[in-house]
Structures are given as C-alpha cells and as structure tokens.
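Sequential numbering from 7 applies to the sequence shown in the numbering used here. Some notes on the structure that comes next.
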Amino acid sequence: MHWGRRSVRFVLESSTGRLALAVGVILIAVAIGFVLRLRNGRQRSVSPQGPRLSDVLGAGTPAPASPSGVTVVQVSSAVCSPCRATARTWNRVAGSENHVEIDIEQRPGVAERLSVWRTPTSFLFDRDGALVARVDGAPNVDQATRAFREAGATA
C-alpha cells in the first residue's frame, strides 16, 4: 500500500509521469470516440412488443399520411447539430410527409418510453403503427435508405 502512494506521487511529480498520464488519457478518449463513431447511424433490432406509433405521437395526434406506409419518428434536441443533419437526411430519403421530429426537451416522456439515451435517435414504424426499426445517431443517406426500405418490406 505504501508503495502505491509513492508511485502515484512519482507520476504526478515527474514530467515523464505527467506526460505518460496525459498520453494515456488521450488514448482512452480516442478509443471512446472511435467506438461511438462506429455505432453512429447503426440500425438496431427492436422488440415486437415495442410502443406503437399512436403511443409515441400521443392521443389525438393523427399519424402522418405516409404514402410508403413507413413513418420515421426522430427524437432530437434544440442544441444538437447532428439532429439537423439527420432531419435533412430523413426528409431526403423518406420525404417530409413520412418524417416526424420530436423535441426531447418538450416531450421527455417520449424519450423515456423509447429508451433514448442520445440524440438523434430515429424510430421507423410500419403502416400498422408497429415499431420495426431503431437507428441510433446520425445515419448517412445509405444507412437511412436501407433502414427505410427494410421497414417498408416488413409491412
């Protein structure tokens, strides 16, 4: 135990120790960033007993008249710049008539019900209102197109 205190003091007092500590912290931050980047835009499976579109939009809110039968619900926040890019991607892929954006600050219950831990997170619902896909992070056009087509195929 006494040896441990000495080694910590050595690391903090020597320039070599501080440099090694700084490099270690940077490597950990880079690794975390790399893992998050790999997971960005990734489609995840969902439970067949997941919430329905009517549960997410709320009582009395009509579902969009989606010609494709697929509705994209994007959970966003006002200060999230990837959310704006994601909204543009979904509007390009799905069309504005198939895309609903929900502000997490105005409707935190939706985020809780859908287990949203980061924004943007998007959910795809089929023509019957069943949840069929979840996309975490900001998908690129290819990822969004693939998710949208697969969601339409399950309907």
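Built from N, CA and C at the ideal position, the CB exists for glycine as well.
query, result
"The region 74-91 touching the region 120-138, judged by at least three CB pairs closer than 8 Å", "yes"
"Proximity of Q49 and V141 at Cβ, strictly below 8 Å", "yes"
"Proximity below 8 Å, CB of S74 to CB of G158", "yes"
"Cβ contact (3+ pairs, closer than 8 Å) linking the region 85-104 and the region 29-40", "no"
"Cβ pair G135, R24 closer than 8 Å", "no"
"Helix, strand or coil at Q80 according to DSSP, with G and I counted as helix", "strand"
"Integer-rounded CB distance, given that A150 should sit under 8 Å from V99", "4 Å"
"Closest by C-alpha distance to I110, when choosing among E103, S102, G101, T127", "T127"
"V137 in three-state terms, based on DSSP", "The question names Val, but residue 137 is Leu in the sequence shown. Looking at L137 - three-state DSSP - the assignment turns out to be strand."
"For Q49, the residue or residues it bridges with in DSSP", "V141"
"Close-in-space but distant-in-sequence residues of the same chain around A117 (CB under 7 Å, 5 per side omitted)", "V81, I110"
"Same chain only: Cβ atoms within 7 Å of A84, ignoring 5 sequence neighbours per side", "D109, E111"
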